[in-house]
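Numbered by numbering that gives the first Met the number 0, the letters in the sequence shown go through residues 0 to 200 in order. What follows is a short report on a single structure.
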Amino acid sequence: MLSKFKTRLSVKQVLAVTANKPTDTKVTIKAYEFTYGEWRRTFKPMAGVVGKRGLSSNKVEGDGKAPMGIFSMGIGFGSQAKPAGMKWSYKKTTKYDYWIDDYRSKDYNKWVTSRKAPSVSHEKMNNPLYKYGAVINYNRYPVVKKKGSAIFLHVWRGPNSPTAGCIATDERNVVSILKWLNPDSKPHILISTTDHLKKIK
């Protein structure tokens with residue numbers, strides 16, 4: 000399966016997030032890098048959590064599920080300073096940063112910065128869970144109304160606390176991933192079930 004990334008997308012970094020079945024909220028996160036002509040795992044497997052209703056290949060806004068599929072990684076962000084040695088783009092958040100999750104808005108699934116809080120439904124980007132994180136480019140290019148928004152990799156509440164649809168793990172893991180991301184390697188994230196992965200290998 001990983002060979003398809005290299006040949007089709009010229010991708011050399013893949014973050015694989017897998018659940019045993021679609022309804023599971025606990026996942027395993029593995030980081031792979033293409034070096035010396037082959038795919039090698041970079042870190043030990045990491046424990047993570049996803050949406051409170053598991054995974055879906057047909058995500059819709061507010062369903063409590065993380066999207067299944069292959070997505071490019073977006074900008075890193077956090078309320079703390081950019082981790083030392085990090086090559087990936089990173090933005091330190093403030094109280095003026097918001098992510099719009101109202102599908103009726105022209106700014107749906109976009110990061111906006113405003114001195115005045117948006118009048119439409121939104122998430123505050125200086126959320127404590129967003130101490131460190133990265134945007135997952137789900138439903139972004141183009142944006143499709145009602146297909147879901149604000150899908151991030153971020154710090155978890157704990158191993159037994161699923162998210163509203165994001166991928167979350169321990170803070171140390173998030174920082175390690177952020178420092179690992181390399182712009183030259185076109186990092187992508189793969190979110191799937193183990194059975195589905197077997198079918199596409």
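Positions of the beta carbon are idealized from the N, C-alpha and C atoms, including for glycine.
Using 10 angstroms around the beta-carbon of residue i, count the other beta-carbons present and answer buried if the total reaches 16, otherwise exposed.
i    : result
D100 : buried
G157 : exposed
T92  : buried
K200 : With a pLDDT of 47 at K200, under the threshold of 50, the modelled position of this residue cannot be trusted; read the value that follows with caution. Exposed, since its Cβ has fewer than 16 Cβ neighbours within 10 Å.
S55  : buried
My assumption, with CB atoms under 8 Å, is that residue i sits in contact with residue j. Please give the rounded CB distance.
i    : j    : result
K11  : K178 : About 16 Å; that fails the 8 Å criterion.
P21  : T192 : 6 Å
I176 : I135 : Not confirmed; about 12 Å, so no contact.
Quick check on DSSP: helix, strand or coil for residue i?
i    : result
K25  : strand
E170 : helix
L177 : helix
D96  : strand
Y31  : strand
S184 : helix
T41  : coil
K200 : Any reading at K200 needs caution, since the residue's pLDDT is 47, under 50, leaving its predicted position unreliable; the model's value is listed next. K200 falls in the coil class under three-state DSSP.
Whose C-beta lies closer than 6 Å to the C-beta of residue i among residues of the same chain, with five residues either side of it excluded?
i    : result
W155 : V48, A167 and T168
Among residues of its own chain, excluding the 5 on either side of residue i, which ones have a beta-carbon nearer than 8 Å to its beta-carbon?
i    : result
R114 : Y95
R139 : G73 and N108
Excluding the five sequence neighbours on either side, which residues of its own chain have a C-beta within less than 7 Å of the C-beta of residue i, listed in chain order?
i    : result
S104 : V119
Runs of beta strand (DSSP E) wholly within the stretch 53-120 (minimum 3 residues, chain order):
68-77, 89-91, 96-99 and 110-112
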